[in-house]
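Protein chains: 2
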Amino acid sequence: MPTRRSPARRPTMKDIARRAGVSESAVSFALNDRPGVSEATRARVRRVAEQLGWRPSTAARALSGEGAATVGFVLARPAATLGVDSFFLQLVSGIQGVLAERHLGLLFQVVEDVAGECAVYRRWWAEHRVDGVLVVDPRADDPRPGLLDELSLPAVVIGGAPDERHPGLSTVWADDAGAMASVVGELTALGHRRIVHIAGLPGLAHTQRRIRTLRAEAERRGLAEVESVTTDYSGAEAAAVTRRVLRGPAPPTALVYDTDVMAVAGLAAAAELGFSVPAELSVVAWEDSALCRMVTPWLSALSRDSVEFGSTAARELLALLDGGPARTVRVPVPRLIERDSTGPARTDRPPRLGTANGGTDAGGSAADA
Amino acid sequence: MPTRRSPARRPTMKDIARRAGVSESAVSFALNDRPGVSEATRARVRRVAEQLGWRPSTAARALSGEGAATVGFVLARPAATLGVDSFFLQLVSGIQGVLAERHLGLLFQVVEDVAGECAVYRRWWAEHRVDGVLVVDPRADDPRPGLLDELSLPAVVIGGAPDERHPGLSTVWADDAGAMASVVGELTALGHRRIVHIAGLPGLAHTQRRIRTLRAEAERRGLAEVESVTTDYSGAEAAAVTRRVLRGPAPPTALVYDTDVMAVAGLAAAAELGFSVPAELSVVAWEDSALCRMVTPWLSALSRDSVEFGSTAARELLALLDGGPARTVRVPVPRLIERDSTGPARTDRPPRLGTANGGTDAGGSAADA
DNA sequence: TCTTGACACTCAAGCGCTTTAGCAGTTCCC
DNA sequence: GGGAACTGCTAAAGCGCTTGAGTGTCAAGA
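Those sequence lines, one after another, are chains A and B. Here the first sequence stands for residues 1 to 369, numbered as in our numbering. Here the second sequence stands for residues 370 to 738, numbered as in our numbering.
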């Protein structure tokens with residue numbers, strides 16, 4: 001038992017070299033699997049390194065041109081919005097799984113907005129802190145890809161549609177369009193013709209993809225009373241919108257929420273208004289989580305494997321760091337898990353209140369792409 | 370408009386020195402507010418640095434003994450458990466706010482268990498990656514404080530009770546005991562005498578503090594039918610426990626859940642069993658979030674400012690990094706926000722089913738500290 | 001006048017690693 | 001038998017920064 005542990009010094013390659021009786025360069029070659037040392041020496045050096053508990057100093061590595069062994073992840077969310085969200089933690093968890101294999105660190109930062117995010121990228125780049133970054137929540141007219149191109153910072157955009165203008169960036173995306181189409185298909189098969197999509201932030205690329213697809217599908221199928229309403233992703237706003245559309249003259253028979261959190265909030269709002277789910281109203285959550293099984297009725301949800309999504313993105317980034325070409329990979333289309341919140345549309349439902357004004361569109365403001 | 374942007378080189382101090390016509394050392398002195406240069410030179414150097422968009426290379430800084438300008442944060446949760454949890458994101462957000470002021474990075478890692486967490490600390494230490502760490506979820510008989518002491522890695526334990534054995538670590542904690550006492554006080558004032566506490570992981574220090582306090586309070590007030598049941602924090606288990614205790618011969622009239630997520634799950638379970646809240650059953654969530662206002666009825670919850678909790682912890686770590694002494698700071702006692710899920714105990718409630726066996730304890734397994 | 005000493009700055013070493021060049025000692029091949 | 005071509009290693013420079021030990025200058029004090 002060590003009596004008084006001296007303020008623990010980290011072993012360096014010099015220590016290994018001394019103990020193994022070779023030069024520092026030999027140690028470097030040995031430990032990095034480079035040719036130039038005999039197998040015997042290599043083994044000896046390895047053993048000594050092991051004994052000493054040596055690990056390369058990332059700082060020194062980075063300084064001699066090897067990169068920082070770190071990737072960055074910025075979450076641009078106003079602090080207040082950071083709420084209940086299973087998606088990001090799962091995504092990060094998936095990312096970590098892949099990064100950990102290579103002993104890459106994940107530098108994480110929360111900022112207020114995209115401008116702040118860009119500032120962080122610039123700083124990280126100048127400070128030599130990260131070798132690449134993972135970008136989430138791509139937007140229409142997004143300044144980030146351009147910036148990352150300019151800095152030639154390897155990056156993977158998570159959730160973006162393929163982008164021709166920035167061939168240097170990889171993209172990992174889920175086929176929102178396909179998923180939306182399948183949801184609409186399901187719902188119309190159940191007889192629903194009045195569908196409201198309670199979407200997320202209007203600026204996000206995937207929000208717009210979903211909205212566009214919904215509109216296209218509605219047209220294709222000749223559904224007139226279908227609309228999307230954008231929100232700030234908050235439960236409060238989701239509930240407010242829900243109330244508004246359900247109080248309209250011809251309330252929808254199906255609601256599609258862009259997140260599980262919004263769906264839960266919307267479900268509660270609908271219940272307050274006396275709508276019974278799924279008898280009078282079907283509800284679909286876009287994003288599955290434990291939350292969906294915590295409410296009554298259990299929510300039917302579009303499920304995708306967010307952890308896997310993260311791993312895929314991380315793998316693409318690694319490929320990029322290894323000098324591979326930028327690629328666009330699509331993860332599996334989210335599957336609709338039918339639980340208890342969806343059912344056949346009840347067409348005989350008598351109009352509720354405020355049927356005064358005629359057959360105009362239901363009350364929401366249609367979001368524009 | 371730059372025609373063909375050369376693969377952007379980061380400016381170094383050498384560049385500044387050349388442009389400003391001084392030596393590199395002078396630049397270093399100037400930029401670090403050290404004496405040894407005239408104000409005129411300092412200003413000139415600063416200007417040039419600004420123009421060039423220079424930022425110190427963290428790698429180089431770290432290598433010359435300055436530390437890595439990074440703090441670490443490890444979350445030990447089995448990937449599956451990483452669910453809906455507002456607490457951590459808020460905590461991290463608070464941490465970031467403070468770290469960002471000093472341009473410190475946050476290295477984030479998710480691991481499976483405490484052993485993995487220790488491994489990460491060792492690696493980070495050996496790799497020179499972090500200057501300090503923030504430790505969450507302290508446990509009884511926790512190996513981490515000892516390890517961090519041994520590595521002399523500055524650390525702040527978040528949520529731990531003051532620990533005499535590791536005077537090198539700072540601690541930031543909420544007074545769970547006080548909060549539990551106040552909850553029990555509230556509930557007994559409402560007439561509740563049969564209370565079940567659905568707790569989190571039995572190994573966590575704060576779980577044990579809450580359980581101990583509950584027991585002590587119950588004794589003090591002469592409440593016989595009060596118990597704690599530990600869970601894995603999952604909604605599923607919370608629901609299961611809820612069902613079990615509510616089906617018992619003398620079901621509790623009040624349930625206290627250790628997280629908002631569990632409370633929501635429990636609420637749903639209680640509703641399924643036909644218990645009306647708050648008429649027949651009061652429910653309190655330990656942790657407030659949007660979730661609590663998404664269910665019906667709205668959940669009464671113990672609210673604390675998790676963001677502030679994070680900032681406080683980060684500030685303590687900074688103090689430690691600046692060479693300050695380890696301290697123990699207590700954040701404000703969580704306040705009970707009374708919403709719609711708590712009310713007077715209904716004592717006239719007829720026993721439900723399974724009243725066969727006599728007045729034994731309700732069915733749960735009491736957790737032991 | 002010469003010494004001090006403060007001031008403003010430069011030099012050079014060093015942090016821990018990678019990497020290029022180079023250097024002995026073998027083996028090979030015509 | 002004498003280059004050429006390995007093999008297995010060492011020496012040394014360099015990455016970008018900090019820092020302690022100088023160096024040169026000028027003003028004040030003896």
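All C-beta atoms, glycine included, are put in the ideal place defined by N, C-alpha and C.
Query: Cβ of B:Leu522 within 8 Å of Cβ of B:Ile464?; Result: no
Query: Compute the beta-carbon to beta-carbon distance between A:Ile198 and A:Ala238, rounded to the nearest angstrom, for a pair I have assumed lies under 8 Å.; Result: 6 Å
Query: Give the interface partners of A:Met294 over in chain B, defined as CB-CB distance under 7 Å, in chain order.; Result: Gly604, Val633, Ala634 and Ala637
Query: Give me the Cα-Cα distance between B:Arg430 and B:Ala437, rounded to the nearest whole angstrom.; Result: 7 Å
Query: Distance cutoff 8 Å, beta carbons only. Does A:Arg193 sit that close to anything in chain B?; Result: no
Query: Decide yes or no for the touch test of the region 291-303 of chain A against the region 315-322 of chain A: beta carbon pairs closer than 8 Å, at least 3 of them.; Result: no
Query: Could you please give the first and the last residue of the uninterrupted beta strand (DSSP E) stretch that includes B:Ser669?; Result: Ser669 to Ser672
Query: Could you pull out every residue in the same chain whose Cβ sits closer than 7 Å to the Cβ of B:Val698, ignoring the five residues on either side in sequence?; Result: Val541, Thr681 and Glu685
Query: Would you mind telling me which residues of chain B sit closer than 7 Å to A:Gly105, beta carbon to beta carbon, in chain order?; Result: Leu476 and Arg498
Query: What does B:Arg379 touch in chain A if you count any residue whose Cβ is under 9 Å from its own?; Result: Trp125, Ala126, Glu127 and His128
Query: Given a threshold of 16 other Cβ atoms within 10 Å of its Cβ, counted over all protein chains shown, does B:Arg378 qualify as buried or as exposed?; Result: exposed
Query: For A:Trp54, name the three-state secondary structure that DSSP assigns.; Result: coil
Query: Classify B:Thr439 as helix, strand or coil using the three-state DSSP reduction.; Result: strand
Query: For B:Val499 versus B:Leu476, is the C-beta distance shorter than 8 Å?; Result: yes
Query: I'd like the list of long-range same chain contacts for B:Val483, defined as Cβ closer than 8 Å, with 5 residues on each side in sequence excluded.; Result: Ala445, Arg508, Asp511, Pro512 and Arg513
Query: Are the C-beta of A:Val196 and some C-beta of chain B separated by less than 8 Å?; Result: no
Query: Can you name the residues of chain B whose CB is closer than 7 Å to the CB of A:Pro143?; Result: Those do not exist, as A:Pro143 stays about 16 Å from chain B at its closest Cβ, beyond 7 Å.
Query: Using only CA atoms, which one of B:Leu592, B:Gln459, B:Val489 and B:Gly679 lies nearest to B:Ala623?; Result: B:Leu592
Query: Could you give the uninterrupted runs of the beta strand (DSSP E) lying entirely in the region 604-637 of chain B, keeping only those of 3 residues or more?; Result: 623-626
Query: Is A:Val92 close to chain B? Criterion is C-beta to C-beta, closer than 8 Å.; Result: yes
Query: Mind pulling the chain B residues with CB within less than 7 Å of A:Ser57?; Result: Glu496 and His497
Query: Could you compute how far the alpha carbon of B:Pro666 sits from the alpha carbon of B:Leu636?; Result: 9 Å
Query: Output the distance between the C-alpha atoms of A:Arg19 and B:Gly441, rounded to the nearest integer angstrom.; Result: 32 Å
Query: Along chain B, in chain order, which residues have C-beta atoms closer than 8 Å to that of A:Gln51?; Result: Those within 8 Å of A:Gln51 in chain B number zero; the least Cβ separation is about 13 Å.
Query: Between the Cα of A:Gly116 and the Cα atoms of A:Leu147, A:Leu91 and A:Arg247, which residue gives the shortest distance?; Result: A:Leu147
Query: Once the 5 residues before and after A:Ala179 are set aside, which same chain residues still bring their CB inside 6 Å of it?; Result: Leu302, Val333 and Pro334
Query: Output, in chain order, the set of chain B residues within a Cβ distance shorter than 7 Å of A:Val110.; Result: Val461, Ser462 and Gln465
Query: Is DSSP giving B:Gly537 helix, strand or coil here?; Result: coil
Query: Can you round the beta-carbon distance between B:Val505 and B:Gly528 to whole angstroms, since I take them to be within the 8 Å contact cut?; Result: 6 Å
Query: Using beta carbons (cut-off 8 Å, strictly below), is A:Ala76 in contact with chain B?; Result: no
Query: Using three-state DSSP, classify A:Leu336 as helix, strand or coil.; Result: strand
Query: Taking just the CA atoms, how far does A:Val157 sit from A:Gly97?; Result: 18 Å
Query: On the three-state DSSP scale, how would you describe B:Ala654?; Result: strand
Query: For A:Ala62, go through chain B and note every residue whose CB falls closer than 9 Å to its CB, in chain order.; Result: Ser426, Thr427, Ala428, Ala429, Ala431 and Leu432
Query: Which full runs of the alpha helix (DSSP H) of 4+ residues lie inside the region 80-161 of chain A, going along the chain?; Result: 86-101, 114-126 and 143-150
Query: State whether the region 485-495 of chain B contacts the region 49-56 of chain A, with contact taken as three or more CB pairs (one from each stretch) at a distance under 8 Å.; Result: yes
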